[in-house]
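J.: Okay, handing you the structure first.
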Amino acid sequence: DRFSESKVYLRALFDYTPYEDKATPCQEAGLPFTCGDILQVVSQDDPTWWQAKRVGDSNLRAGLVPSRQFQERRLLYRMKMGTHQSPKSPRATPCEQSCEKAGLRRSFRLSRKDHQDSTKESHLAESAENEFLIYEEVTLHQMRPQDKPRLVVLIGSLGARINELKQKVIAENPHRYGVAVPHTTRPRKSHEKEGVEYHFISKQAFEADIQSNKFIEHGEYKNNQYGTSLESIRSVLARNKVCLVDVQPEALKVLRTAEFKPYVVFVKPRIPEICRQRSSPTSPGRGDNGHITNEDLQDMRQSAEQMDQQYGHLVDRVLVKEDSASACVELRNILERLEREPQWVPVSWVR
Ligand code: 5GP
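The working numbering applies: residue 175 is where the sequence shown begins, and numbers increase by one.
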């Protein structure tokens with residue numbers, strides 16, 4: 175039948191709860207979904223309500239989902255009613271809070287032109303830069319042997335220690351996985367080799383590289399500059415290795431291209447409900463001897479929540495980290511599956 179032949183697949187970029195949606199013509203007919211779900215669109219005949227199935231669902235019946243145009247229009251309306259605060263703000267604005275209540279979390283937040291399939295309707299948005307995160311058209315992509323490996327981006331909330339995780343996985347299999355060699359302005363130590371630990375460059379050269387946007391990220395440490403360049407990532411991929419980077423999630427703005435096809439793993443530490451150790455009476459933050467306090471746990475929860483809110487729609491896989499050893503095993507499994515199994519990617523990456 176024509177339903178099963180639909181070739182339009184969308185990644186949902188927001189959570190949808192039909193039972194909380196007053197606009198739906200029929201709550202029972204609605205299809206609930208959460209951010210990251212893949213929807214097979216069966217009918218776009220109606221301009222307001224599309225019919226879709228969730229990929230992986232055993233339920234064969236299609237349900238109603240808001241069309242992109244309708245969703246965009248009502249979010250724009252709510253934004254105008256709610257607040258003039260910029261959607262760039264990481265804190266939930268009153269409008270976002272009301273979106274959350276309506277089951278429309280993450281409904282508008284700044285995104286670059288990476289949702290190209292949605293640019294048609296973007297004239298509805300107030301400025302070309304502010305686009306609503308609604309759906310992203312995706313396709314199932316199988317890597318061919320001649321394809322360059324995908325870039326793997328690790329992002330982590332407070333306490334995830336993604337650098338350590340990255341180093342471990344690479345050290346276990348240095349032929350398959352590689353690290354982008356960073357640049358630094360600090361002097362080379364006698365045991366270090368140019369291009370192995372770092373590329374050692376002058377402060378002037380570093381400054382020039384910043385100006386010409388060569389770095390995906392850079393920072394200062396003890397009066398020296400450190401940074402990771404796009405070129406250093408390309409050079410790992412060119413050697414046919416999976417390149418692992420741990421970056422601030424803002425770097426995804428630059429990395430999310432057809433060239434890198436980044437696979438994003440969000441490492442989230444498992445956070446216990448309450449901590450066993452008592453909080454130190456002298457320091458309200460970190461306890462004595464580096465013991466974790468309830469305040470630390472609260473910060474970790476907040477960090478994970480904020481990361482989820484701001485970047486959840488860009489994440490392919492969440493890795494809940496119990497401890498360093500098990501996280502390492504799990505990351506390795508994720509990486510092996512990534513090379514073997516087809517993955518959903520934005521259509522713009524493969525066209
Ligand atoms: P070291 O000079 O001992 O090799 O590194 C000192 C510190 O520089 C590291 O602990 C890390 O915080 C920082 N660093 C090393 N590589 C990079 C990088 O690529 N980017 C940034 N922002 N910092 C780095």
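In this text, a Cβ means the ideal position worked out from N, Cα and C, and glycines have one as well.
I'd like to confirm the pairing. Which residues does DSSP put opposite A186 in its beta bridges?
T.: Walking along the sequence shown from the start, residue 186 turns up at place 12. DSSP output for A186 lists Y309 as bridge partner(s).
J.: Three Cβ pairs or more, each shorter than 8 Å: is that satisfied between the stretch 325-336 and the stretch 471-483?
T.: yes
J.: Relative to the C-alpha of R444, which candidate in L187, A501, G237 has its C-alpha closest?
T.: Position 270 of the sequence shown, counting from 1, holds the residue named residue 444. Residue A501 is the option with its Cα nearest to R444.
J.: What does the alpha-carbon distance come out to for the pair R350 and Q472?
T.: Locating residue 350 in the sequence shown gives position 176, counting from the first residue. Locating residue 472 in the sequence shown gives position 298, counting from the first residue. For R350 and Q472, the distance between alpha carbons rounds to 38 Å.
J.: According to DSSP, simplified to helix, strand and coil, what is V494?
T.: Numbered from its first residue, the sequence shown carries residue 494 at position 320. Here V494 sits in strand by DSSP.
J.: The ligand 5GP heavy atoms versus the CB of P356: any closer than 7 Å?
T.: Mapped onto the sequence shown, residue 356 falls at position 182. Within the cutoff, so yes.
J.: May I ask which residues mark the beginning and end of the alpha helix (DSSP H) holding L426?
T.: Along the sequence shown, read from residue 1 onward, the residue named residue 426 stands at position 252. Residues 426-429.
J.: Return the first residue and the last residue of the beta strand (DSSP E) that V438 is part of.
T.: Numbered from its first residue, the sequence shown carries residue 438 at position 264. Counting along the chain, the beta strand (DSSP E) containing V438 begins and ends at 437-443.
J.: Would you tell me roughly how many angstroms separate the C-alpha atoms of L187 and R360, rounded to the nearest one?
T.: Residue 187 sits at position 13 when you count from the first residue of the sequence shown. Residue 360 sits at position 186 when you count from the first residue of the sequence shown. Between L187 and R360, the C-alpha separation is close to 42 Å.
J.: State buried or exposed for A412, treating a residue as buried only when at least 16 other CB atoms are found within 10 Å of its CB.
T.: By 1-based counting over the sequence shown, the position of residue 412 is 238. Label assigned to A412: exposed.
J.: Could you tell me whether any Cβ in chain B is nearer than 8 Å to the Cβ of R444?
T.: No chain B is present in this structure, which holds just one protein chain.
J.: Taking the straight line between their C-alpha atoms, what separation do you get for D189 and A203?
T.: The residue you call residue 189 lines up with position 15 of the sequence shown. The residue you call residue 203 lines up with position 29 of the sequence shown. D189 and A203: Cα-Cα distance of roughly 17 Å.
J.: Report yes or no: do three or more beta-carbon pairs, one from the stretch 337-350 and one from the stretch 211-223, lie closer than 8 Å?
T.: Touching, no, given that fewer than three Cβ pairs across the two stretches are closer than 8 Å.
J.: Output yes or no for whether 8 Å exceeds the beta carbon distance between L213 and A226.
T.: Residue 213 sits at position 39 when you count from the first residue of the sequence shown. Residue 226 sits at position 52 when you count from the first residue of the sequence shown. L213 is a Cβ neighbour of A226, given a cutoff of 8 Å.
J.: Report all residues from its chain with a CB closer than 7 Å to the CB of P206; omit the five preceding and five following residues, and keep chain order.
T.: The residue you call residue 206 lines up with position 32 of the sequence shown. Result list for P206: Y190, T191, P192, in chain order.
J.: Measure the beta-carbon distance from C417 to A354 and round it to whole angstroms, keeping in mind my assumption that it falls under 8 Å.
T.: To locate residue 417, count along the sequence shown from 1; it is residue 243. To locate residue 354, count along the sequence shown from 1; it is residue 180. With 8 Å as the limit, C417 and A354 qualify as a contact, their Cβ atoms being about 6 Å apart.
J.: Shortest alpha-carbon distance to K377 belongs to which of G393, A236, T431?
T.: Numbered from its first residue, the sequence shown carries residue 377 at position 203. It is G393 whose Cα lies nearest to the Cα of K377.
J.: Measuring alpha carbon to alpha carbon, tell me which of E405, F374, S406, V327 ends up nearest K435.
T.: Walking along the sequence shown from the start, residue 435 turns up at place 261. Selected option, being the one with the closest Cα: V327.
J.: From the DSSP output, in three-state form, read off I212 for me.
T.: Within the sequence shown, numbered from 1, the residue matching residue 212 stands at position 38. Three-state DSSP puts I212 in a strand.
J.: With DSSP collapsed to three states, give me the class of S364.
T.: As a position in the sequence shown, residue 364 is number 190, starting the count at 1. In the structure shown, S364 sits in coil (DSSP, three-state: anything other than H, G, I, E or B).
J.: Any idea if R430 is buried or exposed, counting beta-carbon neighbours within 10 angstroms, 16 or more meaning buried?
T.: Within the sequence shown, numbered from 1, the residue matching residue 430 stands at position 256. Buried is the call here.
J.: Does the ligand 5GP have even one heavy atom less than 7 Å from the beta-carbon of R360?
T.: Numbered from its first residue, the sequence shown carries residue 360 at position 186. It does: the Cβ of R360 is within 7 Å (strictly closer) of some heavy atom of the ligand 5GP.
J.: Considering only residues of the stretch 366-398, which uninterrupted alpha helix (DSSP H) runs meet the minimum length of 4 residues and lie entirely inside it, listed in chain order?
T.: 377-385
J.: Enumerate in chain order the residues of its own chain whose CB-to-CB distance from E496 is below 8 Å, with the five nearest sequence positions on each side excluded.
T.: By 1-based counting over the sequence shown, the position of residue 496 is 322. The residues are R444.
J.: Does DSSP put I344 in a helix, in a strand, or in coil?
T.: In the sequence shown, counting from the first residue as 1, residue 344 sits at position 170. It is helical.
J.: Where does V524 land, buried or exposed, given buried means 16+ other C-beta within 10 angstroms?
T.: Locating residue 524 in the sequence shown gives position 350, where the first residue counts as 1. Per the 10 Å Cβ criterion, exposed.
J.: Looking at the secondary structure, which residues open and close the beta strand (DSSP E) in which D220 lies?
T.: As a first step, residue 220 must be located in the sequence shown, where it is residue number 46. First-last for D220: undefined, no H or E at that position.
J.: I need the straight-line Cα distance from T208 to G486, nearest angstrom please.
T.: What you label residue 208 is simply residue 34 of the sequence shown in a count that begins at 1. What you label residue 486 is simply residue 312 of the sequence shown in a count that begins at 1. Straight-line Cα distance between these residues: approximately 11 Å.
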